[in-house]
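Anchor point for the sequence shown: position 70 equals 271 in this note's numbering, and the numbering is continuous, going up by one each time. Here's the structure, in structure tokens; my notes come after.
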Amino acid sequence: MTAAPTPAPARAPIPTLTPDGDAEALREVVRDFLARHGDADGVLHGRPAGPEDRRTVWRRFAGELGAAGLDVPERLGGSGAGFREVAVVAEEMGRSLARLPWLSTSVTALGVLAGTGEDELIGRLVSGATTAAVAVHDASADAPARAVRTPDGWRVTGRKDLVVDGAEADVLLVAASSPDGPVVLAVDAGSPGTTAAGVRALDPTRPLAEVGLDESPARLVAGPDTAAAVLSGARHRTLAALACEQTGGTGAALDMAVRHACDRVQFGRPIGTFQAVKHRCSDMLVQLEAARSASLWAAACAADDEAALPIAARTAALVCGRAYTWVAAENVQVHGGIGFSWEHPAHLHVRRAATSRVLPDGEPAGAAALLDEVLGAART
């Protein structure tokens, strides 16, 4: 007698990918704000100029628009929305290249703090009164940051690099090792033994810093039992937001190329009528649509399917990173000679695309292994 076939395991429901009407209305508001306070042309000419100007714009962006705490519960001062709204803002930040501490504060830092009981600090970040940066990368693998608990509280010593917005942050969330295991500590900028200096970076729109800690006083945010999970969750959240940001940048670079192809006249015709330019722009659109699909999947998983987020976020980082890099370079080619000049903002997208692929920890290592993992998940 033939045995009955084993039923296939039930598939998890596919999350809704497209943002709703409220999210699209948010997009219009954010795009309008960034166009007035931080578009690519403004960034190119140094607007807003100094730290205080940027802080003023940030307070308005975080407080008046509520862009800093979109997926933070209302009881903590947030909007109580979801990650789809975060994804919308990420796309618009990628389009504008605005030099605001949104990724470091609203995505990574709030991702670290979620569920840790740091309600007071979360409230300050959401309101725009305080900014935060997350210091994970050790400047030297041979000398990782170390934390010890003393009678006076926690102290942390070490050096961290690639700290996004670290030089202007009010609070540093530092990953360190302790005698009992990994921990995450909150260190006030300017506290004794703490230094944060900006470093020269390829991308002028995303400042990086090196942080020095010499027995700096700190407060425990996540202990050895939760620190690894907290950092992993924040990493996947950041990867998903970065993918959405890269999609926004890809769209902006394509729009820039198409606009120039329509306006630039050669031999009495717009260059966009020539097949070579037309095909180049079509290929750029294909890359954009691939990036948009991958980033929407990552955002939907971040909102509704946390178990699938690691694969979705890493896949999106791979697809969106490559798409943005390619389209940003093609945009320069479409613009011809002016695209290679400092006066044109095309190079800002090339720089942002290059640096985004190494944040928070580089392009996903082992693309073949990642593909096998994705295919394995699809089979089940």
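Every residue gets a Cβ at the ideal spot worked out from N, C-alpha and C, and that includes glycine. All values derive from a computational prediction rather than experimental measurement.
Excluding its 5 nearest sequence neighbours in each direction, valine 327 has C-beta neighbours in its own chain below 6 Å: Ala269, Gly270, Val273, Gly278 and Gly279, listed in chain order. When the Cα atoms are used, threonine 448 and arginine 256 turn out to be separated by approximately 26 Å. Distance from the CA of proline 511 to the CA of glutamate 369, rounded to the nearest whole angstrom, comes to 30 Å.
Residue environment analysis places aspartate 366 among the buried positions, since at least 16 neighbouring C-beta atoms fall within 10 angstroms of its C-beta.
With respect to cysteine 502, alanine 513 sits close: the two C-beta atoms are nearer than 8 Å. Annotation: alanine 430 to glycine 382 spans about 13 Å, alpha carbon to alpha carbon.
In this structure leucine 497 does not touch leucine 298 by the C-beta definition: roughly 21 Å separates them, more than the 8 Å allowed. Looking at the backbone, the Cα of valine 308 and that of phenylalanine 475 are separated by about 42 Å. Exclusion of the five residues before and after alanine 529 leaves Gly450, Thr451, Ala454, Ala547, His550, Val551, Arg553 and Ala554 as the residues of its chain whose Cβ lies within less than 8 Å of its Cβ. Beta-bridge partners assigned by DSSP to threonine 395: Leu414.
8 Å or more divides the Cβ of glutamate 507 from the Cβ of alanine 291. Apart from the 5 residues on each side of it in sequence, arginine 465 sits with its Cβ closer than 7 Å to the Cβ of Pro471 and Ile472 in its chain, given in chain order. Distance check between alanine 423 and each of Trp355, Arg515, Arg438 and Leu227 places Trp355 closest, using alpha-carbon atoms only. Here phenylalanine 284 is buried. Its C-beta has 16 or more other C-beta atoms within 10 Å. For alanine 398, same chain residues with a beta-carbon under 7 Å away, outside a window of 5 residues either side, are Ala368, Ala410 and Glu411 in chain order. Taking 4 residues as the minimum length, the alpha helix (DSSP H) runs contained wholly in the region 413 to 475 are 428 to 464, in order along the chain. Per the coordinates, the alpha-carbon of valine 520 lies some 43 Å from the alpha-carbon of proline 393. Arginine 350 is bridged by DSSP to Trp355.
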